[in-house]
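A short worksheet on the structure shown next.
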Amino acid sequence: QKLNSRSLLIFVSCLSRDIISLDQFNHFSLIEYYARSSFASAHHPTSVRDEYSRNLTSPFQRKAVYADLTKEFSKIVESTLFDNLLIDLIDERFDLFAFHTGGVCTLSNELISSGFECKADLGRRIKSGSDEFFQLWEEGWSKFIEILTRTGKRCSLRVNRAYWAEKTANGGDFSPFYSLRGISEANIFLERLYER
10 QKLNSRSLLI
20 FVSCLSRDII
30 SLDQFNHFSL
40 IEYYARSSFA
50 SAHHPTSVRD
60 EYSRNLTSPF
70 QRKAVYADLT
80 KEFSKIVEST
90 LFDNLLIDLI
100 DERFDLFAFH
110 TGGVCTLSNE
120 LISSGFECKA
130 DLGRRIKSGS
140 DEFFQLWEEG
150 WSKFIEILTR
160 TGKRCSLRVN
170 RAYWAEKTAN
180 GGDFSPFYSL
190 RGISEANIFL
200 ERLYER
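Per this note's numbering: the sequence shown = residues 10 to 205.
Next comes the structure, spelled out in structure tokens:
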């Protein structure tokens, strides 16, 4: 769907962010861009103390880790005015980490690069694609929709129903990094999320 309105907030993977060309930005202004976070974490009621983002040199990586831990996106959705909110669910590929203290965070590559370790004395890992992950995701999604509905912004939501590619543009595969089976399982889980 063409984005004609003035302002845009995005919560997507780089896949969706990168398809927005500079020409399109003449038609609207970008409010903020959030990535590398699961809805399970972004809208979780308990924030996590940020002891990690300062260890990263990239401003994008610092921002992604900080926003995920502090639940910044949830606050922005509630308090900011925007005409369009673009999302995709590709970053649901990352596992979650559930702290014994009650918080949840996304185990993004950026968080791992910051020195975060999945230690048993801190909590436990929750695998993407598992039923437990889906339950936490659904709780976050429901809170997200509740915020949009309560603030009158639900009609601004735009979903890019993106999936993992099975082949490169040249017809090759993604081994040794990703197997066809792994890609298929990720897409089956994405279908479950998009259907919800």
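Built from N, CA and C at the ideal position, the CB exists for glycine as well.
**OP:** Classify Phe186 as helix, strand or coil using the three-state DSSP reduction.
**Re:** Start at 1 with the first residue of the sequence shown, and residue 186 comes out as number 177. Secondary structure of Phe186 (DSSP, three-state): coil.
Subject >> Contact set for Ala107: own chain, Cβ-Cβ below 7 angstroms, skip 5 residues either direction >> reply: Translated into positions along the sequence shown, residue 107 becomes position 98. So the list reads Val113, Gly132, Arg133, Ile135, once near-sequence residues are dropped.
Subject >> Proximal residues to Phe82 (C-beta, below 7 angstroms), its chain only, five neighbours per side dropped >> reply: The residue given as residue 82 occupies position 73 in the sequence shown. Result list for Phe82: Phe20, Tyr43, Ser46, Ala51, Ala76, in chain order.
Original post:
Closest Cβ-Cβ distance between His109 and chain D: below 7 angstroms?
Top reply: Annotation note: the requested chain D is absent from the structure, which comprises a single protein chain.
Subject >> Exposure of Ala174, with buried meaning 16 or more beta-carbon neighbours within 10 Å >> reply: Locating residue 174 in the sequence shown gives position 165, where the first residue counts as 1. A residue is called buried when at least 16 other Cβ atoms come within 10 angstroms of its Cβ; Ala174 does not meet this threshold and is exposed.
Subject >> Simplified DSSP state of Gly132, which is helix, strand or coil >> reply: Locating residue 132 in the sequence shown gives position 123, where the first residue counts as 1. DSSP places Gly132 in strand when its eight states are reduced to three.
Original post:
Closest by CA to Glu200, which one among Phe183, Ala178, Asn169?
Top reply: Start at 1 with the first residue of the sequence shown, and residue 200 comes out as number 191. Taking only the C-alpha atoms, the option nearest Glu200 is Asn169.
**OP:** Taking 7 angstroms as the cut-off, decide whether the C-beta atoms of Asp100 and Ser137 are in contact.
**Re:** For this step, residue 100 is matched to residue 91 along the sequence shown. For this step, residue 137 is matched to residue 128 along the sequence shown. No; because the gap between Cβ atoms is not below 7 angstroms, this pair is not in contact.
Original post:
Can you tell which of Arg58, Ile192, Arg102, Ser16 has its C-alpha closest to the C-alpha of Cys23?
Top reply: The residue labelled residue 23 in the question sits at position 14 within the sequence shown. It is Arg102.
Original post:
Excluding the five sequence neighbours on either side, which residues of its own chain have a C-beta within less than 7 angstroms of the C-beta of Phe125, listed in chain order?
Top reply: Here the question's residue 125 lines up with position 116 in the sequence shown. Closer than 7 angstroms at the Cβ level, and outside the excluded window around Phe125, lie Tyr61.
Subject >> For Leu24, the first and last residue of its enclosing alpha helix (DSSP H) >> reply: Counting from one through the sequence shown, the residue named residue 24 turns up at place 15. Where Leu24 is concerned, the enclosing alpha helix (DSSP H) stretches over 23-27.
Original post:
Going by the CB atoms, is the gap between Arg15 and Asp92 shorter than 7 angstroms?
Top reply: By one-based count along the sequence shown, residue 92 stands at place 83. By one-based count along the sequence shown, residue 15 stands at place 6. It is a contact, given that the beta carbons lie within the stated cut-off.
Original post:
When DSSP labels each residue in this structure, what does Val168 get in the three-state scheme?
Top reply: Here the question's residue 168 lines up with position 159 in the sequence shown. Looking at Val168 - three-state DSSP - the assignment turns out to be strand.
Original post:
Is the Cβ-Cβ distance between Ser117 and Asn64 less than 7 angstroms?
Top reply: Here residue 117 refers to the residue found at position 108 when the sequence shown is read from its first residue. Here residue 64 refers to the residue found at position 55 when the sequence shown is read from its first residue. The Cβ atoms of Ser117 and Asn64 do not sit closer than 7 angstroms to each other.
Subject >> Where Tyr203 falls: helix, strand or coil (DSSP) >> reply: Within the sequence shown, residue 203 is the residue found at index 194, counting from 1. The answer is helix: DSSP assigns Tyr203 an H, G or I state.
**OP:** Measure from the alpha carbon of Tyr172 to the alpha carbon of each residue in Cys127, Thr79, Ala178, Ile192, then state which is nearest.
**Re:** Residue mapping note: residue 172 aligns to position 163 of the sequence shown, counting from 1. When only C-alpha atoms are compared, the closest one is Ile192.
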